[in-house]
Amino acid sequence: MSGMGGWREGSRYRTATSFNTPSSSPGNPWHGNNEKEKSENTQKLTASEEKQGGQASVHQQQQKQYVGPYVLVTPNETRRIQLQQIAKKELDDLEQWKKEHRPGPITLVPQRLGGNESEAQVRQNQQMILMQSKYQKKHKREEYVKAKKAAEEAEILKKKAIQREKAERLEVKKRQEEMRRREMLLEDQKYQVVLGWCRSSGCPGTSWDPFCPLVKESLVSIQLVSAPMQVKVKMYSPLQCLKLHCKRSHAYKQALRDDENKRLEEMRQEQQRKAELLEFKQKQEEETRTRSLKNEQRRVNNAFLDRLQNKTQPNNMYYPGYTGLPQ
Numbered sequence: 001m002s003g004m005g006g007w008r009e010g011s012r013y014r015t016a017t018s019f020n021t022p023s024s025s026p027g028n029p030w031h032g033n034n035e036k037e038k039s040e041n042t043q044k045l046t047a048s049e050e051k052q053g054g055q056a057s058v059h060q061q062q063q064k065q066y067v068g069p070y071v072l073v074t075p076n077e078t079r080r081i082q083l084q085q086i087a088k089k090e091l092d093d094l095e096q097w098k099k100e101h102r103p104g105p106i107t108l109v110p111q112r113l114g115g116n117e118s119e120a121q122v123r124q125n126q127q128m129i130l131m132q133s134k135y136q137k138k139h140k141r142e143e144y145v146k147a148k149k150a151a152e153e154a155e156i157l158k159k160k161a162i163q164r165e166k167a168e169r170l171e172v173k174k175r176q177e178e179m180r181r182r183e184m185l186l187e188d189q190k191y192q193v194v195l196g197w198c199r200s201s202g203c204p205g206t207s208w209d210p211f212c213p214l215v216k217e218s219l220v221s222i223q224l225v226s227a228p229m230q231v232k233v234k235m236y237s238p239l240q241c242l243k244l245h246c247k248r249s250h251a252y253k254q255a256l257r258d259d260e261n262k263r264l265e266e267m268r269q270e271q272q273r274k275a276e277l278l279e280f281k282q283k284q285e286e287e288t289r290t291r292s293l294k295n296e297q298r299r300v301n302n303a304f305l306d307r308l309q310n311k312t313q314p315n316n317m318y319y320p321g322y323t324g325l326p327q
């Protein structure tokens, strides 16, 4: 270990001397001597490394320790020394590269800086900028107000578009409901006509003509079959026609009745709310009137007692509103 320490000190000393020596250049007289010294140092280093490698291997074999079922082995000192030498060599190469690529002095052409304008011209420009600043601020303010107004108008237009879409959807919904009601009304009218024709032709029974144009238009149900261009015609008897008509008519009347009941219920609830509000207002007015009447009676009584006390005790001080009795 002492040999290793001495070698390290020697390497540091050699590094310091190598840094302190002047850099190699073609015109340096010590360039050849430096090359010889470097070759000799390299040979010495390789010899010392081989010697230290052998010592390290022996030392590594001696440093094995047996602890229970485990074997503790010290790190490879030779590998560590090699890594240190490689790192040192790379650092030396880096320093050498920095010295070789050190930038040279900067040479600039003399130029005249500033002083292109006279003082009077500069002051005139400052005065002009100062005079224009007020108009520039005004212009910026107008631009800000214009941009703000445009943003507000865009927001308003957006809200209007949303409301327009809602109104259009509501209109479409109302139109669809109206069409549905008209279809139900037309269907009911058609079945009323068929029912009247059945009554006039002796229905219910089988003596009616199934090929009548009115019956054929109203009571024949055409259903498409899976095969194209083929239809299945289903004929209804007068009794089935009457039952179907009664069912459809009952459903339509029930829908109308439900709508009417719903409207009446809403009107009843609205009248009930109005009655409750009117009753609440009347109660408040009654309480206010009762309170004002009590206050007026109390004031009249206090005034009467004050006059009475003033008459019975003329020498005493008169305190208006004081009766001498607990309130």
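Be aware that the sequence shown starts at 1, since it is given in UniProt numbering, and climbs by one per residue.
A virtual CB, placed ideally from N, CA and C, is assigned to each residue, including glycine.
query	result
Can you find a C-beta in chain D that's less than 9 Å from the C-beta of Gln132?	Absent from the structure is chain D; it holds one protein chain and no more.
Could you tell me how far apart the beta carbons of Arg187 and Arg248 are, in whole angstroms, since I believe they sit closer than 8 Å?	The sequence given here places Glu at residue 187; Arg does not occur at that position. That pair is a contact at about 6 Å.
Decide if Tyr191 is buried, meaning its Cβ has at least 16 other Cβ atoms within 10 Å, or exposed.	buried
Measuring straight from C-alpha to C-alpha, what distance separates Arg102 and Lys89?	20 Å
Quick one: Cα of residue 329 to Cα of Glu287, how far?	Missing from the structure shown is residue 329; the chain here goes from 1 to 327 and no further.
Where does Val109 fall in DSSP's three states?	coil
Going by DSSP, what residue range makes up the alpha helix (DSSP H) through Thr78?	Glu77 to Glu100
At what residue ranges does the segment 239-314 contain a whole run of the beta strand (DSSP E), taking only runs of 3 or more?	none
Do Ala255 and Met184 have their CB atoms nearer than 9 Å?	yes
Taking the beta strand (DSSP E) that Val67 falls in, what are its first and last residues?	Gln65 to Val67
What number of angstroms, rounded off, separates the C-alpha of Glu117 from the C-alpha of Gln127?	15 Å
Compare the C-alpha of Gln189 against each of Lys253, Lys281, Glu153 and Glu171 and name the closest.	Lys253
Val71 lies in the beta strand (DSSP E); which residues open and close that run?	Tyr70 to Leu72
At the level of alpha carbons, what is the spacing between Arg298 and Gln282?	24 Å
Applying the 10 Å Cβ sphere with the 16-neighbour rule, what's the burial state of Val145?	exposed
Please classify Val71: is it buried, with 16 or more other beta-carbons within 10 angstroms of its beta-carbon, or exposed?	exposed
With DSSP as the reference, label Ser118 as helix, strand or coil.	coil
Determine the burial state of Val300: buried for a count of at least 16 other Cβ atoms within 10 Å of its Cβ, exposed for fewer.	exposed
Nearest-angstrom Cα distance between Lys159 and Leu170?	17 Å
Alpha carbon to alpha carbon, how far is Gly104 from Pro110? Give it in angstroms, no decimals.	19 Å
Which residues in the same chain have their Cβ closer than 7 Å to the Cβ of Ala147, if we skip the five residues on either side of it in sequence?	none
Is Val122 buried or exposed, if buried means 16 or more other CB atoms sit within 10 Å of its CB?	exposed
For a test of the three-state rule: what should DSSP assign to Gly196, helix, strand or coil?	helix
Output the distance between the C-alpha atoms of Ser2 and Gln96, rounded to the nearest integer angstrom.	For Ser2, the pLDDT reaches just 42, beneath the cut-off of 50, and the residue's location in the model is therefore unreliable, leaving the point undetermined.
Taking all protein chains shown into account, decide if Val172 is buried (16 or more other Cβ within 10 angstroms of its Cβ) or exposed.	exposed
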